[in-house]
Amino acid sequence: MIAKDLNHGGRYPHLFEPIRIGNLKLKNRIICAPTSPSMIDLNGHFTPEMIAYLEEKAKGGAAVVTYGESIVHSSTGKSHNKQLQLDAFGVRQGMTECARAIHDAGAYANIQLSHGGKYAGLASVGGDLIASDKAYGPSHEMTPEGEVHEMPRELIFEIIESYGKAAKLCKETGFDMIQVHAAHGWLFSQFLSPVMNQRTDEFGGSLENRARFMLMSLDAVRAAVGPAFPIEARINGDDFTEIGLNQQDCIEVAKMIDDKVDLINVSCGNHEDPAMFCRTHPSAFFPRGVNVYLAAEIKKHVKTPVACVGSLEDPAQMEEIIASGQADLVELGRSSVADPYLPRKAYEDHADDITPCLRCYECFGATGTLEMIKCAVNPTMGRQLQLKTPRPAPEKSKKVLVVGGGPAGMEAAITCANRGHDVTLVEKSSELGGNLHPAGAAYFKGDVIDLMNVLKRRVERAGVKVERNTEATPDYVKKFAPDALFVAIGSTELRPPIKGLDGDNVVMAIDAELHPEKLGKRLAILGGGLVGAEGAVGFFHEGHECTIIEMKPTIAEEVNSFYRGGLMPEVNKAATSLVNTKVVEVTPTEVICERDGEEVRVPADTVVCALGFRSPWNEVDALADLVPENYIVGDCERVGKIHDAIAGAHYAALRV
């Protein structure tokens, strides 16, 4: 167990100082924030995959691991398609197994109690399968998604009772803490809202009355678990919306619960408001720790320990937060997905090996499209259960040649070397990183550069021999005579046969990102996929006037809805977007287009070609055919995302 080992803080003494929360002595100040990535069966029970996912977080060194959004009253409160249902028959076994797994891995087990309020009866971000015959909220309202009925008083008291029953169940099945969710637009947020809550009974009117439902539920939880059992409350520090609470209101709510809970977790925003989602779960357009100030302000007004959130990842920043008294604990969500071992690495002075979260929301997107979790930068995320059966060690060390030093090539080289093979990585340019260089060029893409640097360090530490400024031609491969060959030469940019697209005023997207000095004031960006959209945001930030020209009806169509929700407001500020528009000709001064049968002319000093990529299969086959044991990875196999490159290379390398 890690607890006996993590007894001092190294360079982060405040972060690794123990703290008492109720009857628990936490070994450090790091909590894995509540997450609930869909790995629940149709009965509302834990699956072995979910348990393994939470167990790994505990192995990583956090003091507490929290499961998120378990539902206390399924018939009216289920806000997602698949959620843990605490009133489901047979739920106890999985809960017990989960708590035991977290304990055995060295952490305390926490569980969040939630109710979706009106979103249980409406299609929501979390689910499109309507869980309830009626949507119940604090008051009657008509929404674009459907009718919301005022919650009857008898149902309010029934739900209060369900919070107590759920808390008792959690304690009996081995959980050490309970978090009551009163943020992010769910049930208690709805009742706290002065706009959504128009009731005239004891649950409406003043802030005290609007908080009554939450306070009575907290009392029911306390009665069920006893005086010493730790209760955490997640509240907003600001709703950031005209229909919610402002910062001062949230401070008053914190004061109301000060004597009722053992830890106050301060978040913000609304999970169901697209404009707020990327503030609740901060996107790359916000600085790390953007929401910490909300916790710091509440901490001034309460005696209860306070935890903060806000895309925290850097242990040095966390250390400063604790040392300066802004918060007593930090809670990590997506950063614990990108690297569950972040706490252990920080403690062992390996912070430079922490895998950075790109804030790309692939983890959120996968909960809907795959009904599980995945991570762009962590190839083992979501596969913890299958990886409990380790791959057999290689029968012998092989001479491995990896051609191409992008993310796929680096990951293949690292994994092969860590399995004991003799690995040489050949890169034709002067630097490793491949397309991570242009992908990380924009002002808001520093996370990508951080990832590239982590991979570079791992290549070096794994003992991989690197040959830069070297092109691996077929003759080179023949002379090298590897036992196994990885082809990771990336993709090539598309330049369709459009008249004038070979002109001097045309710059390919990668070149534009890496050499912005080549760009004029007015830019016409051909292609409104992710590359073109992000490029426009970055170029606008550098002072350029941008127009995106896209054949499809939607900009950044291929991007998951969560990332797109944060990206598109920036795109709309940065560029004029012409969709359903076909490029006909590029001239030295403009781009001639056709839309709806009419000619459209876009003045431009520079034309940026961002029309996609293709896999260079002829070049790939010329190399792969030379070595019987060959693996084609990354964009040269199939143009994809960072996740595809890293995960594909990782699991291919495990087969060597």
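Numbering of the sequence shown is given in my numbering, commencing with residue 147 and proceeding in unit increments.
No residue lacks a Cβ here, since even glycine has one placed at the ideal position from N, Cα and C.
All values derive from a computational prediction rather than experimental measurement.
For residue j and residue i, the rounded distance between their alpha carbons
i	j	result
ALA400	SER470	21 Å
ASP568	VAL546	6 Å
LEU152	LYS173	Residue confidence is low: LEU152 scores 44 on pLDDT, short of 50, so the model does not pin down where it sits. Its coordinate-derived value is still stated next. Rounded to whole angstroms, LEU152 to LYS173 spans 7 Å at the Cα level.
ARG368	PRO290	38 Å
LEU676	ALA720	14 Å
VAL294	LYS728	44 Å
ILE644	ALA630	41 Å
ASP790	VAL455	29 Å
ALA329	GLU745	50 Å
ALA149	ALA253	Bear in mind that a pLDDT of 41 at ALA149, under 50, signals an unreliable position, so the model cannot answer this.
GLU215	ALA558	37 Å
ALA798	VAL779	8 Å
MET147	ARG490	Confidence at MET147 is low in this model, with a pLDDT of 32, below 50, so its placement is unreliable and no value can be given for it.
GLY636	ALA484	24 Å
ASN343	THR387	15 Å
ALA658	GLY666	11 Å
GLU573	PRO699	39 Å
ALA375	SER575	Reading the sequence as shown, one finds Phe at residue 375 and not Ala. Roughly 59 Å between the two C-alpha positions.
PRO188	VAL371	Sequence inspection shows Leu at residue 188; the Pro mentioned does not correspond to that position. Whole-angstrom Cα-Cα distance: 28 Å.
SER339	GLY331	9 Å
LEU200	GLU775	37 Å
ILE701	GLY552	27 Å
ILE444	ASP650	58 Å
ARG784	GLU517	24 Å
THR181	ARG480	9 Å
PRO762	PRO525	25 Å
THR193	MET185	6 Å
Residue i at chain C interface by Cβ criterion, 8 Å
i	result
VAL452	Any reference to chain C falls outside this structure, which holds one protein chain only.
Of the residues the options, the one placed nearest residue i, counting alpha carbons only
i	options	result
GLN633	GLY555, GLU736, GLU691, ARG668	The amino acid occupying residue 633 in the given sequence is Val; Gln does not appear at that position. Looking at the Cα atoms, GLY555 is the closest of the given residues.
GLN325	VAL218, THR387, ALA269, GLY689	VAL218
PHE359	ARG299, ARG505, GLU318	ARG299
MET527	PRO183, LEU161, SER308, PRO159	PRO183
VAL436	LYS625, VAL412, ALA198	VAL412
ALA234	GLY263, CYS316, GLY252	CYS316
CYS562	LYS314, TYR777, ILE257, SER707	TYR777
ILE694	GLU703, ALA682, VAL705	ALA682
ILE377	THR212, PRO461, CYS414, LEU504	THR212
LEU660	PRO642, ALA679, GLY609, GLY684	GLY684
GLU703	HIS690, PHE686, HIS687, VAL725	VAL725
PRO284	SER308, ARG345, MET323, ASN169	ARG345
ILE167	VAL452, ALA312, ASP419	VAL452
PHE590	ARG537, PRO428, VAL705, GLU663	PRO428
ALA793	VAL448, VAL766, HIS687, LYS520	LYS520
VAL737	PRO715, LYS228, ASN706, CYS692	CYS692
LEU478	SER457, ASP771, ASP621, LYS406	SER457
LEU259	LYS311, LEU268, MET288	LYS311
GLY206	GLU354, PRO486, MET288	PRO486
GLY156	ILE410, TYR493, ASP279	TYR493
Residue i and residue j closer than 8 Å at C-beta
i	j	result
HIS261	GLY292	no
ALA473	ALA441	yes
CYS244	ILE176	no
VAL754	LEU640	no
GLY550	GLY580	yes
TYR309	SER221	no
VAL653	VAL732	no
VAL600	ASP460	no
GLY711	CYS414	no
GLY266	ALA281	It should be pointed out that residue 266 corresponds to Ala in this sequence rather than to Gly. Result yes, Cβ atoms of ALA266 and ALA281 sit closer than 8 Å.
ASN256	MET323	yes
SER723	VAL717	yes
According to DSSP, residues forming a beta bridge with residue i
i	result
SER723	ILE694
VAL746	CYS739
LYS728	GLU740
VAL754	VAL653, ILE671
TYR254	VAL210
CYS454	VAL412, VAL476
ILE217	GLN231, SER260
ALA328	ILE381
MET288	GLU293
Could you tell me which whole alpha helix (DSSP H) segments of length 4 or greater appear in the segment 631–715? For the segment 631–715, the full-length alpha helix (DSSP H) segments reaching 4 residues or more read 655–660, 676–687 along the chain.
Complete beta strand (DSSP E) runs within the segment 150–215 (minimum length 3 residues, chain order): Look at the segment 150–215 and you find these whole runs of beta strand (DSSP E), each 3 residues long or longer: 165–167, 170–172, 176–181.
Quick one: which unbroken alpha helix (DSSP H) runs of 4-plus residues sit fully inside the segment 474–551? Chain order, please. Qualifying alpha helix (DSSP H) stretches, in chain order: 481–484, 488–493, 508–515.
For the segment 561–641, which segments carrying the beta strand (DSSP E) assignment without a break, of at least 3 residues, lie completely within its bounds, in sequence order? As far as the segment 561–641 is concerned, its whole beta strand (DSSP E) runs of at least 3 residues are 568–572, 611–613, 630–633.
Which ranges would you report for the beta strand (DSSP E) in the segment 343–422 if only whole runs of at least 3 residues count? Along the length of the segment 343–422, whole beta strand (DSSP E) runs at least 3 residues long occupy 377–382, 409–413, reported in chain order.
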